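Q: Sending over a structure as structure tokens; questions will come in a sec.
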Amino acid sequence: MNTIIEPGIELLYLRIAKNIEQQILLEVLRVGDKLPSLRSICSEHGVSQSTALQAYYYLESKSLIESRPQSGYYVCYSPGKFPAIPATSKPHDAKNNSQIEEIITKVYHNMGSATNTTLSLGVPADELLPIAKLNKGMVQALRELKGSGTSYDQIQGNEKLRRQIARWSLPMEGKLSEHDLVTTAGCMNALSLCMMSVAERGDTIAVESPVYFGILQLAQNLGLKVLELPTHPQTGIELDALKNALLKRKITLCVLVSNFSNPLGSCMPDEHKREVVKLLEKHNVPLIEDDLYGDVYFGNHRPKSCKTYDESGMVLWCSSVSKTLAPGYRVGWVAPGKFKSRVISTKLYHSISTPSLTQQVIANFLESGRYENHLRKMRATLHANCLQYIRAICNYFPADTRVSRPQGGYMLW
208 MNTIIEPGIE
218 LLYLRIAKNI
228 EQQILLEVLR
238 VGDKLPSLRS
248 ICSEHGVSQS
258 TALQAYYYLE
268 SKSLIESRPQ
278 SGYYVCYSPG
288 KFPAIPATSK
298 PHDAKNNSQI
308 EEIITKVYHN
318 MGSATNTTLS
328 LGVPADELLP
338 IAKLNKGMVQ
348 ALRELKGSGT
358 SYDQIQGNEK
368 LRRQIARWSL
378 PMEGKLSEHD
388 LVTTAGCMNA
398 LSLCMMSVAE
408 RGDTIAVESP
418 VYFGILQLAQ
428 NLGLKVLELP
438 THPQTGIELD
448 ALKNALLKRK
458 ITLCVLVSNF
468 SNPLGSCMPD
478 EHKREVVKLL
488 EKHNVPLIED
498 DLYGDVYFGN
508 HRPKSCKTYD
518 ESGMVLWCSS
528 VSKTLAPGYR
538 VGWVAPGKFK
548 SRVISTKLYH
558 SISTPSLTQQ
568 VIANFLESGR
578 YENHLRKMRA
588 TLHANCLQYI
598 RAICNYFPAD
608 TRVSRPQGGY
618 MLW
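Read in order, the letters of the sequence shown correspond to residues 208 to 620 in my numbering.
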């Protein structure tokens with residue numbers, strides 16, 4: 208399913224581009240400096256003009272250089288010009304729940320407006336989605352499924368989809384099989400089923416601060432108390448704060464967005480993930496891990512999930528294709544670990560099963576091997592967009608503005 212590239216082999220244009228990128232980051236090349244001509248690059252590295260162009264296109268996509276008509280390519284990025292990173296958050300206890308509800312309702316009400324540019328939700332633009340291929344997949348699924356998808360699917364979910372998700376989890380050492388997974392109607396549904404399965408009204412759950420408003424809303428509707436913990440925009444939840452909370456409070460559950468969180472964009476380092484899992488296991492506290500943005504990384508490798516370090520089944524790993532393929536299909540999943548039977552039971556009395564047709568479409572798309580190629584293009588576009596937004600903030604916002612440096616996802620803070 209995944210394209211395998213031998214270790215140590217790197218595309219020539221990338222090698223050229225990364226050499227230039229390093230010089231820019233070290234400020235050997237500074238803003239306004241002219242880069243060697245394409246002809247010079249071809250001569251120096253013994254490559255074709257198309258390879259030289261690819262190298263410069265790559266640097267352009269990262270907003271490191273710009274092309275000037277009739278003049279050539281110039282450096283347009285300076286590390287020293289970038290604003291400082293925001294400080295670790297300081298949660299406030301007081302929350303106006305009615306005001307939060309009002310804002311959320313307004314955000315979703317305006318989402319479909321053609322006159323609005325939506326900056327309040329992490330939703331992929333239609334232009335980034337493989338809509339034509341998904342439409343063909345829909346026709347194929349209609350032919351394959353009994354009753355053209357009008358019948359109930361099994362409670363645990365489409366077996367083919369679960370098998371493909373398990374295969375997709377292999378590179379991040381997910382150690383999952385189709386038997387470990389339960390499909391859901393998107394990631395929020397997965398989070399909801401998990402919360403209902405492991406927490407009761409009046410329990411306290413620990414979350415990042417700030418936390419995605421959907422998690423706050425869900426906890427409120429389930430009658431759960433929310434304890435927000437200090438969180439850094441780069442590395443995620445503060446481990447000392449979590450340790451202290453576990454010692455001083457009766458915490459039933461922890462809910463974290465481990466990779467490229469909403470809204471901070473933070474990504475927990477692997478060692479932090481390992482320590483969080485170990486710490487929560489020691490206190491017998493389940494972890495619901497929202498890994499919705501994990502596939503949208505800007506680096507060379509997908510970050511690991513907390514589930515990777517789960518030896519006792521205490522991590523409930525949730526995700527979906529809402530940020531990468533089809534938000535409206537509402538296809539998600541959870542690997543609930545030791546809570547699998549509870550999650551399946553909760554799913555049964557809340558929704559019976561997940562829609563058959565869209566599950567089959569996504570299963571076929573994953574099986575075709577097109578997902579990685581699609582993600583590669585999507586990640587490059589989102590990374591370029593992120594750098595351009597940071598540059599615009601740097602150029603047009605007040606001098607003391609702080610902004611995060613996400614290594615993936617959809618969020619700037």
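Glycine included, every Cβ here is placed at the ideal spot set by N, Cα and C.
This structure is a prediction, so every number in the text was calculated from the model and none was measured.
If we count the other Cβ atoms within 10 Å of its Cβ and call it buried at 16 or more, is Val405 buried or exposed?
A: Locating residue 405 in the sequence shown gives position 198, where the first residue counts as 1. The residue in question, Val405, is buried, as its Cβ has 16 or more Cβ neighbours within 10 Å.
Q: For Ile211, count neighbouring Cβ atoms within 10 angstroms of its own Cβ and tell me buried if that reaches 16, exposed if not.
A: For the purposes of this step, residue 211 is taken as the residue at position 4 of the sequence shown. Note that Ile211 scores 35 on pLDDT, short of 50, meaning its location in the model is unreliable; the coordinates nonetheless yield the value given after this. Ile211 comes out exposed.
Q: Pull up the DSSP beta-bridge partners for Asn466, would you.
A: Within the sequence shown, residue 466 is the residue found at index 259, counting from 1. Answer by DSSP bridge pairing, in chain order: Cys474.
Q: Considering only residues of the region 230-289, which uninterrupted beta strand (DSSP E) runs meet the minimum length of 3 residues and lie entirely inside it, listed in chain order?
A: Entirely contained in the region 230-289, the beta strand (DSSP E) runs reaching 3 residues are, in chain order, 272-275 and 279-282.
Q: Using 8 Å as the cut-off, can you tell me whether the region 258-271 makes contact with the region 419-429, which would need three or more C-beta pairs spanning the two stretches below that distance?
A: They do not touch, by the three-pair rule.
Q: Go to Glu351, then tell me how far its alpha helix (DSSP H) extends in each direction, as first and last residue.
A: In the sequence shown, residue 351 corresponds to position 144, counting from 1. It spans Ile338 to Glu351 - the alpha helix (DSSP H) in which Glu351 sits, taken as one unbroken run.
Q: Can you tell me the Cα-Cα spacing of Trp375 and Cys474, whole angstroms?
A: Counting from 1 along the sequence shown, the entry for residue 375 is found at position 168. Counting from 1 along the sequence shown, the entry for residue 474 is found at position 267. Roughly 20 Å separates the two Cα atoms.
Q: Leaving aside the five residues before and after Ser244 along the sequence, list all residues of the same chain whose C-beta is less than 7 Å from its C-beta, in chain order.
A: Within the sequence shown, numbered from 1, the residue matching residue 244 stands at position 37. Closer than 7 Å at the Cβ level, and outside the excluded window around Ser244, lie Gly279.
Q: Pull up the distance between the alpha-carbon of Glu496 and that of Leu523, whole angstroms please.
A: Residue numbering aside, residue 496 sits at position 289 when the sequence shown is read from its first letter. Residue numbering aside, residue 523 sits at position 316 when the sequence shown is read from its first letter. In a straight line, the C-alpha of Glu496 is about 6 Å away from that of Leu523.
Q: At 4 residues or longer, what runs of the alpha helix (DSSP H) sit wholly inside the region 466-530?
A: For the region 466-530, whole alpha helix (DSSP H) runs of length 4 or above, ordered along the chain, are 477-489.
Q: Any contact of the region 499-513 with the region 610-618, i.e. 3+ C-beta pairs under 8 Å?
A: Result yes; three or more Cβ-Cβ pairs closer than 8 Å.
Q: Rounded to whole angstroms, what is the Cα-Cα separation between Ile248 and Leu260?
A: Indexing the sequence shown from 1 puts residue 248 at position 41. Indexing the sequence shown from 1 puts residue 260 at position 53. C-alpha separation (whole angstroms): 9 Å.
Q: Would you list the residues sitting across from Leu398 in a DSSP beta bridge?
A: In the sequence shown, counting from the first residue as 1, residue 398 sits at position 191. For Leu398, which the question treats as bridged, DSSP gives no partner whatsoever.
Q: Could you check how far apart the C-beta atoms of Glu415 and Gly443 are, in whole angstroms? I think they sit under 8 Å.
A: Working through the sequence shown from its first residue, we reach residue 415 at position 208. Working through the sequence shown from its first residue, we reach residue 443 at position 236. The pair is a contact, with the Cβ atoms about 7 Å apart (cut-off 8 Å).
Q: Do Asn365 and Gln229 have their CB atoms nearer than 7 Å?
A: Counted from its first residue, the sequence shown places residue 365 at position 158. Counted from its first residue, the sequence shown places residue 229 at position 22. Against a cut-off of 7 Å, the Cβ pair of Gln229 and Asn365 comes out as no contact.
Q: So, is Ile292 buried or exposed, given that buried needs 16 or more other C-beta atoms within 10 angstroms?
A: Counting from 1 along the sequence shown, the entry for residue 292 is found at position 85. Looking at its Cβ environment, which holds fewer than 16 other Cβ atoms inside 10 Å, Ile292 is exposed.
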